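Written below as structure tokens is the structure these notes are about.
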Amino acid sequence: MTTIELLHKRLNLTGRDFLRLADFTKQELTDLLALAAELKKLQKAGGSYQPLKGKALGMIFEKASTRTRVSFEVGIYQLGGQGMFFSSKDLQIGRGEPISDTAQVLSRYVDGIMIRTFGHEIVEELAKYASIPVINGLTDEFHPCQIMADFQTIIEHKGKLEGLKFAYVGDGNNMAHSLLIGAAKMGMDIAVASPQGYMPDEAIVSMAKEFAKESGSNVLITDNPIEAATQADVIYTDVWASMGQEEEQEKREKAFANYQVNGSLVERANADYIFMHCLPAHRGEEVSAEVIDGANSVIFDEAENRLHAQKAIMAAIMS
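Residue numbers for the sequence shown follow this note's numbering, beginning at 1 and rising by one.
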């Protein structure tokens, strides 16, 4: 049995939904990351692993996407299956069909559903009524697939997760929420710096602190980006106005004016820090060009790893 087959067998996640990192143990996430690394190594060597041969993934997009669509579509193909893209206009869900009906109908046709949408309750309801695994491709509250790719990238560059200091500077949005849960669960110290009025959800911060108690890590929420970035091993940011918040652009530019990740801020981090961004990025806004295009930036490794991390997730829960 190959290393990939052994890891896959040990995971034993068949039929599970992938909605939040909080739903998985540290060991399960560690094994998924190990499987992702092995799948990447195999792909680079020209080999293939196709446990999903003959299976189909329905992909529902209520928000535009570059990385999510391409990485899932290529990923399911490389695993031997087929992806089917649906915008909200392509499905009756866009004309008012209940999520519960859509879930039950799609469950008769495909073997898994990936959905990228707005409210997290939509994903939860879809998973409740579907009889097949559902993957959260992004909601306004969580973005777990991105975090798995982020963690795979950190391991590649730092060799570990546990014991590192992770600094997130910017909006206390779905990325901040998922990073808080993931970092605390995996044993990384995490500091989130956001302006007043844009802090992460208090209930999610409380959940992260509970996970941090178990892993022995620390959670810091502050409005001071220098405090967050000081001696950080990883510095991360996201756009100031996410999809659906475009009308708040001017207001947010004022609120986040002191939260740009630039040369002055990253001087506070460790010399070998890495810079990460889930993309798309606005150079000159949340991050300066000198940082995102600099030697410490790993944003394209991070983007590539969406493919490998999601292949591990699909292989684990759909086969």
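Where a beta carbon is used, it is the ideal one built from N, C-alpha and C, also for glycine.
Given the structure is predicted, the values throughout are model-derived calculations rather than measurements.
Candidates the options: closest to residue i by CA position
i, options, result
"V287", "G263, K9 and L29", "G263"
"F142", "I115, E124, H177 and G159", "H177"
"P225", "A255, A167 and A34", "A167"
"L7", "Y236, D23, Q27 and A149", "Q27"
"M243", "K63, I132 and P51", "K63"
"F300", "G47, H120, V110 and Q146", "Q146"
"K40", "V74, N305, V169 and I317", "N305"
"Q249", "I99, E285 and I115", "E285"
Continuous alpha helix (DSSP H) stretch holding residue i: start and end
i, result
"M84", "Segment Q82 to S87 is the beta strand (DSSP E) holding M84; no alpha helix (DSSP H) there."
"G75", "R67 to Q78"
"V266", "G263 to V266"
Proximity of residue i and residue j at Cβ, strictly below 9 Å
i, j, result
"Q82", "L106", "no"
"Q231", "A269", "yes"
"S206", "M188", "no"
"I154", "I181", "no"
"V239", "A303", "no"
"P144", "N173", "no"
"A103", "K128", "yes"
"L265", "I235", "yes"
"Q323", "H308", "Any property of residue 323 remains undetermined from this structure, which presents the chain solely from 1 to 319."
"N136", "R20", "yes"
"L42", "G80", "no"
First through last residue of the beta strand (DSSP E) which encompasses residue i
i, result
"M276", "I274 to H277"
"K165", "K165 to V169"
"I132", "From DSSP, I132 is part of no beta strand (DSSP E); its letter is neither H nor E."
Cβ neighbour criterion (16 or more within 10 Å) applied to residue i
i, result
"V134", "buried"
"S194", "buried"
"F18", "buried"
"D140", "buried"
"Q196", "exposed"
"A212", "buried"
"N258", "exposed"
"M1", "exposed"
"S297", "buried"
"E38", "buried"
"Y49", "buried"
"V70", "exposed"
"S319", "buried"
CB-CB length for residue i against residue j, believed under 8 Å
i, j, result
"A208", "V219", "5 Å"
Heavy atom of the ligand FAD within 8 Å of residue i beta-carbon
i, result
"K165", "Absent from the structure shown: the ligand FAD. Ligands present: none."
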